[in-house]
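Residue numbering for the sequence shown is -28 to -1, 1 to 259, as defined by mature numbering (1 follows the signal peptide of the UniProt record, and there is no 0).
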Amino acid sequence: MYFKNKHLLLLQIPIALMFFLCATEAPAFSVQSSHLHKKNIVPEKKVQASLDDLIKKLSPAFHDNYAKTILSDDRLTLDYSILPAKLTPEQIKKAGNFKKRILSADAVAHSKRYMEKFKNDFDAAHRKYGVPPEIIASIIRIETHGGSYLGRRSVINSLFSSYVLRPSRRNFALSQLEYFLKITHENFWDPYSIMGSDEGAFGIPQFIPWSFTKFAVDGSGDGFIDLFNHADAIASVANYLQKNGWSKYPKKKRSAILRYNRWSTYADLVLEFAELLKKNNTKKELT
């Protein structure tokens, strides 16, 4: 893995890697974050003003007081730990080993078992969208280790915190909050029960709310779209890639993956891991 600035966390890093780097403890949800400097603390009045502004901007999107009701909930938390943090030397070393871990024999064997367990779902997605099971499984492995790590942060709190604390991400946070609240409103979900990444991505394939509305599909046939359901997640990844130009041509394949995640190393890992899944011999590490 290559970091252009080894001291800063890149936005494109999959949540599974963030878990790998910070696996010793859960993220903090208070201003006591170890990397927080006093100058970063936002005065309470300014936070309240930002919240009032956010409610004002979101309210027109709903016919009721849903946005105000949700954002007035006591569970709404300003999470300073989403601010970019310096990597420790140990974390930098771990990051350098991430590619090796992803392409290990154990990782390949785990994903092959995953593909076998959900073979019918992978085959159905392949038939419908034309995306090979190995590519879908590769993305799911890199994103959440096959759904075993889905994130520890409240999606709504992450997006709210980005809106308040990260001016460069304010417009993104606003748009994703609107999509997210529409999703939870329409599906009668508790917004505070959905966990995900710093950027508000959630589910087995780690879709941001906008991606959910555009590309998530019902793969299980139960009439509901649930990205915490493996059948739906598998079909949704395939649909995402197909809608973004997936085809038999290598350049088109890579381009579609880069629409999923713009980090070039990510695309390399997806394609390389998929090739390993096609091979029969997983007894030794292939790098």
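We treat Cβ as the ideally placed atom computed from N, Cα and C, and that holds for glycine. No experiment lies behind these values; they were computed from the predicted model shown.
- Put simply, the backbone Cα of residue 174 is about 8 Å away from that of residue 181.
- Ranked by Cα distance from residue 250, the options 115, 84 and 140 are led by 84.
- With distances taken between CA atoms, residue 178 lies nearest to 199 out of 185, 199 and 186.
- With a minimum length of 4 residues, the unbroken runs of alpha helix (DSSP H) contained wholly in the segment 122 to 190 fall at 127 to 137, 142 to 159 and 181 to 187.
- Between residue 170 and residue 191, the C-beta gap is not smaller than 8 Å, which leaves the two residues out of contact.
- Collapsing the DSSP output to three states places residue 241 in a helix.
- In the three-state scheme derived from DSSP, where H, G and I count as helix and E and B as strand, residue 32 is classed as helix.
- Restricting attention to alpha helix (DSSP H) runs no shorter than 4 residues, the segment 188 to 229 encloses them at 202 to 215, ordered along the chain.
- With contact defined as three or more Cβ pairs closer than 8 Å, the segment 155 to 163 and the segment 131 to 141 are not in contact.
- The three-state reading of DSSP puts residue 26 in helix, counting H, G and I together.
- The criterion of a C-beta distance shorter than 8 Å is satisfied by residue 51 and residue 133.
- Using a Cβ-Cβ distance cut-off of 8 Å, the segment 121 to 129 and the segment 87 to 96 are not in contact, since fewer than three pairs of beta carbons, one from each stretch, lie closer than that value.
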